[in-house]
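Engineer: Encoded as structure tokens, here's the structure I'll be asking about.
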């Protein structure tokens with residue numbers, strides 16, 4: 010027995026047991042993904058005054074393209090009924106996580122206008138900023154490994170523990186650490202999100218975060234981001250893999266929770282489409298649109314899809330702040346159009362907006 | 006390929022698997038180690054493999070020539086062990102000089118050429134002779150300072166007759182290039198390591214576990230403590246950093262003291278751990294150095310492999326303490342200045358070496374007074390005085406680290422000026438900014454190190470943890486693991502000593 014004890018790495022085995030136990034407990038405490046802190050804080054603040062019935066969710070394009078106030082005006086509902094919880098690089102999984110955690114703060118069967126970008130369903134996009142913990146949480150180890158770096162995939166195994174630790178830190182240390190270094194270290198506990206919440210930007214506008222500048226302010230930057238969007242998001246995109254399957258699963262989750270889902274596909278600057286001409290990216294853009302149409306038909310969700318024609322007769326350079334985000338002027342036009350289309354869907358009985 | 010990367014983990018798993026499979030076949034194991042070491046070094050930059058092979062070849066050849074005996078059988082290499090050397094003392098000295106010159110020549114060319122060329126040009130300019138040197142801007146081959154010293158010590162030992170030259174080039178290659186310690190030491194001594202290369206290694210469960218513990222603790226020190234403190238240190242010590250106040254500089258300097266210790270001793274622990282798992286034993290490189298109460302003790306505990314190398318191959322050959330007090334002081338200063346220069350081609354390192362030399366000389370001069378004073382006090386006071394001495398000496402060490410870390414002599418001057426003026430001290434000046442300095446990070450991150458070292462000191466055992474009850478080990482290892490997972494740096498930051 011003593012010889013066996015000498016041969017076996019008992020300390021390592023015991024450590025494995027402790028880690029396993031903590032992993033199981035953390036998994037039980039956090040069976041669902043935790044949305045990034047900035048998003049959770051935004052939802053908390055925006056739902057403090059009522060139970061909104063229409064929420065705009067998704068990525069930065071949702072945050073910067075849909076103005077709740079304009080939408081509420083067109084739909085004829087109180088401003089507090091419409092909130093925008095879009096967040097930069099917010100994938101559908103992030104919106105789902107935030108909604109499920111705060112579901113009681115929304116009205117029953119709310120309408121969720123969910124902005125879905127091609128980047129969020131593209132398996133070939135490996136950059137960490139576009140692959141949030143909410144997405145990784147749902148994936149098995151092999152899928153994580155395929156989508157991201159090995160170290161990231163391994164660390165993602167311990168996301169429940171990280172969420173747990175982040176929660177403990179917040180409880181023990183409610184205020185932000187005063188020095189930037191400590192803040193940076195502690196924030197690393199939950200990568201992709203901050204342990205310490207930041208004041209959400211522009212919550213006074215119902216969560217809309219936009220800018221007034223247009224692309225003419227920085228032509229070089231615009232050209233650079235246009236190339237970046239074309240190369241990173243579209244060219245060589247793989248749209249039928251892990252992330253698309255996960256997107257469908259998240260759509261199912263929302264529909265099962267009684268959410269009236271309207272997918273929102275908003276326009277890119279025409280320069281992006283010009284950059285895609287003659288490349289595999291053009292086909293990817295078409296395919297993405299076809300997939301959205303098909304999944305909505307199959308699942309019973311609705312789709313509002315817009316291309317450049319929504320701004321017909323106007324100079325796009327004056328309406329976009331970069332390759333894929335409109336500015337405040339563009340957002341006003343787009344929000345009015347979305348409001349009218351939602352109104353039509355409500356009038357047709359396809360959607361129900363609770364007062 | 007750094008230790009704190011997934012690439013190294015995969016590399017080690019594969020090498021270790023093959024190593025275990027080839028147990029009991031010594032030649033195969035050594036061939037595997039040599040191939041793995043070449044791959045490990047070449048992974049960083051394959052072009053410099055030639056350099057390490059050249060160094061290895063020169064020292065192998067020189068040592069073989071130095072050790073040739075009369076009556077040696079040319080076929081088998083067997084000779085009467087106490088037979089006289091084949092070559093005369095003069096010839097042997099020439100061979101040794103050739104080895105030293107070629108080794109130090111390679112090191113000097115890659116590491117110091119630009120430094121000295123620039124220094125000469127500055128000197129000439131001061132004398133009114135304008136001269137624009139042609140700087141080479143060479144990439145410093147990683148680990149060159151370490152393997153050069155290691156290889157050199159072997160030739161010197163053979164010359165002195167302390168060691169027989171190894172006949173197998175492969176075994177000698179393993180000694181020079183053994184991957185766990187190749188790029189940042191510890192600097193191995195041939196007489197301790199070569200016998201381990203030449204005899205079969207037994208893989209023992211307990212040793213493997215201890216090795217694993219050393220790897221885990223080393224990774225924790227590196228990724229959790231050192232790399233996180235680096236954020237704090239780099240923030241203040243950036244050359245273009247806006248003027249930091251006294252409080253920020255003091256906190257960052259303390260943080261650097263912990264960072265460099267955890268970074269370097271973390272590397273050493275990982276190296277020792279990997280080697281231990283393969284059945285090799287390295288000597289200690291760090292022995293609770295910050296618990297030293299004087300510079301002599303510090304250098305017996307800090308980077309032991311370098312300080313003992315400098316002692317055996319520089320200080321003692323210079324005459325050590327055998328030629329009077331004045332000469333001893335000169336020898337100490339020379340040894341420490343060269344030791345400082347070994348760290349890098351910069352005036353701050355030279356200054357740091359000189360500062361350490363001054364501490365040693367000062368301590369040597371004050372030692373009789375200190376010992377006399379100590380003897381007069383009763384035993385109850387000894388413990389208090391000892392701890393005060395440790396605390397006081399730590400401040401001097403930190404001052405040294407400030408010299409070491411500053412990126413230029415000008416920055417050092419500014420920092421010293423900021424800390425010491427205006428009087429009364431920085432707390433009053435920096436009271437408002439103390440909370441901004443990252444002192445919380447420093448305290449929290451240093452805590453595990455303090456706890457571990459306190460227990461190590463109390464138990465008098467640096468490897469006490471693998472001998473603790475299973476449940477203690479389980480909890481401790483799990484805590485280290487979660488430290489790595491939750492707050493461990495993930496960007497595979499290189500070790501500080503890689504640049505030396």
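Chains as they are written, first to last, in our numbering: chain A, 10 to 364; chain B, 6 to 505. Every residue gets a Cβ at the ideal spot worked out from N, C-alpha and C, and that includes glycine.
Kindly give me the distance between the Cβ atoms of residue 348 of chain A and residue 83 of chain A, rounded to whole angstroms, as I take these residues to be in contact under 8 Å.
Structural biologist: That belief holds up - the Cβ atoms of residue 348 of chain A and residue 83 of chain A are roughly 3 Å apart, short of 8 Å.
Engineer: Could you pull the start and end residues of the alpha helix (DSSP H) that residue 274 of chain A belongs to?
Structural biologist: Premise fails: residue 274 of chain A lies in the beta strand (DSSP E), 269-274, not in any alpha helix (DSSP H).
Engineer: Is the Cβ-Cβ distance between residue 220 of chain A and residue 330 of chain A less than 8 Å?
Structural biologist: Cβ atoms of residue 220 of chain A and residue 330 of chain A: closer than 8 Å.
Engineer: Between the segment 282-301 of chain B and the segment 227-246 of chain B, do at least 3 Cβ pairs fall closer than 8 Å?
Structural biologist: No, because fewer than three Cβ pairs between the segment 282-301 of chain B and the segment 227-246 of chain B fall closer than 8 Å, the two stretches do not touch.
Engineer: Just to confirm the assignment, what range does the beta strand (DSSP E) spanning residue 121 of chain A have?
Structural biologist: Unbroken beta strand (DSSP E) run through residue 121 of chain A: 120-124.
Engineer: Residue 337 of chain A to residue 354 of chain A, Cα distance in whole Å?
Structural biologist: Cα to Cα, residue 337 of chain A sits roughly 25 Å from residue 354 of chain A.
Engineer: Would you check if there are 3 or more beta carbon pairs closer than 8 Å linking the segment 97-114 of chain A to the segment 299-315 of chain A?
Structural biologist: Flag = no, the segment 97-114 of chain A and the segment 299-315 of chain A do not touch.
Engineer: Answer yes or no: does any C-beta atom of chain B fall closer than 8 Å to that of residue 10 of chain A?
Structural biologist: Because the pLDDT of residue 10 of chain A is 49, which lies under 50, any placement of that residue in the model is unreliable, and the number read from its coordinates should be weighed accordingly. No, its Cβ sits nowhere closer than 8 Å to a Cβ of chain B.
Engineer: Quick one: is residue 206 of chain B buried, meaning 16 or more other Cβ sit within 10 Å of its Cβ, or exposed?
Structural biologist: Buried, since its Cβ has 16 or more Cβ neighbours within 10 Å.
Engineer: Using the rule of at least 16 other Cβ atoms within 10 Å of the residue's Cβ for burial, across every protein chain shown, is residue 172 of chain A buried or exposed?
Structural biologist: Residue 172 of chain A comes out buried.
Engineer: Quick one: does residue 9 of chain B have its CB under 8 Å from some CB of chain A?
Structural biologist: No, because no Cβ of chain A sits closer than 8 Å to the Cβ of residue 9 of chain B.
Engineer: Using a Cβ-Cβ cut-off of less than 8 Å, list which residues of the segment 212-240 of chain B approach chain A; keep chain order.
Structural biologist: Under the 8 Å Cβ criterion, the segment 212-240 of chain B contributes 213, 214, 217, 218, 233, 236, 237, 240.
Engineer: Would you call the segment 267-283 of chain A and the segment 309-327 of chain A in contact, with 3 or more CB pairs under 8 Å?
Structural biologist: Flag = yes, the segment 267-283 of chain A and the segment 309-327 of chain A touch.
Engineer: At what residue ranges does the segment 287-317 of chain A contain a whole run of the beta strand (DSSP E), taking only runs of 3 or more?
Structural biologist: Within the segment 287-317 of chain A, the complete beta strand (DSSP E) runs of at least 3 residues are 311-314.
Engineer: Name the one or two DSSP bridge partners that residue 67 of chain A has.
Structural biologist: Answer by DSSP bridge pairing, in chain order: A:124.
Engineer: Which residues in chain B sit within 7 Å of residue 136 of chain A, going by Cβ to Cβ distance?
Structural biologist: Result: empty, since nearest Cβ-Cβ is about 15 Å, beyond 7 Å.
Engineer: Report the neighbours of residue 194 of chain A on chain B: residues whose CB is nearer than 7 Å to its CB, in chain order.
Structural biologist: Correct list: 233, 236, 446, 492.
Engineer: Exposed or buried, which one is residue 17 of chain B when buried takes at least 16 other CB atoms within 10 Å?
Structural biologist: Burial call: buried.
Engineer: Taking only the alpha-carbon atoms, compute the straight-line gap between residue 325 of chain B and residue 475 of chain B and give it to the nearest angstrom.
Structural biologist: Roughly 48 Å separates the two Cα atoms.
Engineer: Note down the Cα distance separating residue 210 of chain A from residue 66 of chain A, rounded to an integer number of angstroms.
Structural biologist: Only weak support exists for where residue 210 of chain A lies, its pLDDT of 48 falling under 50; the coordinates are left without a value.
Engineer: Quick check: what's the CA-CA separation for residue 469 of chain B versus residue 20 of chain A?
Structural biologist: Looking at the two C-alpha atoms, the distance is approximately 13 Å.
Engineer: For residue 272 of chain B versus residue 482 of chain B, is the C-beta distance shorter than 8 Å?
Structural biologist: No.
Engineer: Could you give the residue range of the alpha helix (DSSP H) that holds residue 238 of chain A?
Structural biologist: Note, residue 238 of chain A: alpha helix (DSSP H), 228-238.
Engineer: Kindly indicate the opening and closing residues of the beta strand (DSSP E) around residue 93 of chain A.
Structural biologist: Taken as a continuous stretch (DSSP letters only), the beta strand (DSSP E) holding residue 93 of chain A covers 91-93.
Engineer: Under the assumption that residue 6 of chain A contacts residue 245 of chain A (Cβ atoms under 8 Å), give the Cβ distance between them as a whole number of angstroms.
Structural biologist: Residue 6 of chain A lies beyond the stretch modelled for chain A, which goes from 10 to 364, so this question has no answer here.
Engineer: What residues are listed by DSSP as bridge partners for residue 500 of chain B?
Structural biologist: None; residue 500 of chain B has no bridge partner.
Engineer: Taking 8 Å as the limit between beta carbons, can you name the residues of its chain near residue 90 of chain B, skipping five residues before and five after?
Structural biologist: So the list reads 71, 72, 73, 74, 75, 97, once near-sequence residues are dropped.
Engineer: Out of curiosity, what's the CA-to-CA distance linking residue 357 of chain B and residue 296 of chain B?
Structural biologist: In a straight line, the C-alpha of residue 357 of chain B is about 20 Å away from that of residue 296 of chain B.
Engineer: Could you name the residues of chain A that residue 353 of chain B contacts, counting a contact when the two beta carbons are closer than 9 Å?
Structural biologist: Under the 9 Å cutoff, chain A gives no residues; its nearest Cβ is about 23 Å from residue 353 of chain B.
Engineer: Within 10 angstroms of its Cβ, does residue 391 of chain B collect 16 or more other Cβ (buried), or is it exposed?
Structural biologist: Exposed, by the Cβ-count rule.
Engineer: Closer than 8 Å, CB to CB, is residue 191 of chain A near chain B or not?
Structural biologist: Answer yes: the Cβ-Cβ gap between residue 191 of chain A and chain B drops below 8 Å somewhere.
Engineer: Please decide whether residue 409 of chain B counts as near chain A, where near means a Cβ-Cβ distance under 8 Å.
Structural biologist: False, the Cβ-Cβ gap to chain A never drops below 8 Å.
Engineer: The alpha helix (DSSP H) spanning residue 5 of chain B covers which residue range?
Structural biologist: Residue 5 of chain B is absent from the model: chain B starts at 6 and stops at 505.
Engineer: Please state whether the Cβ-Cβ distance between residue 182 of chain B and residue 151 of chain B is less than 8 Å.
Structural biologist: In this structure, residue 151 of chain B does not lie closer than 8 Å to residue 182 of chain B by Cβ.
Engineer: Would residue 482 of chain B pass as an interface residue toward chain A - the criterion being a Cβ-Cβ separation below 8 Å?
Structural biologist: Closer than 8 Å to some Cβ of chain A, the Cβ of residue 482 of chain B qualifies, so yes.
Engineer: Which chain A residues are close to residue 479 of chain B, counting only those with a beta carbon under 7 Å from its beta carbon?
Structural biologist: Going along chain A in sequence order, the residues near residue 479 of chain B (Cβ under 7 Å) are 20, 23, 24, 26, 27.
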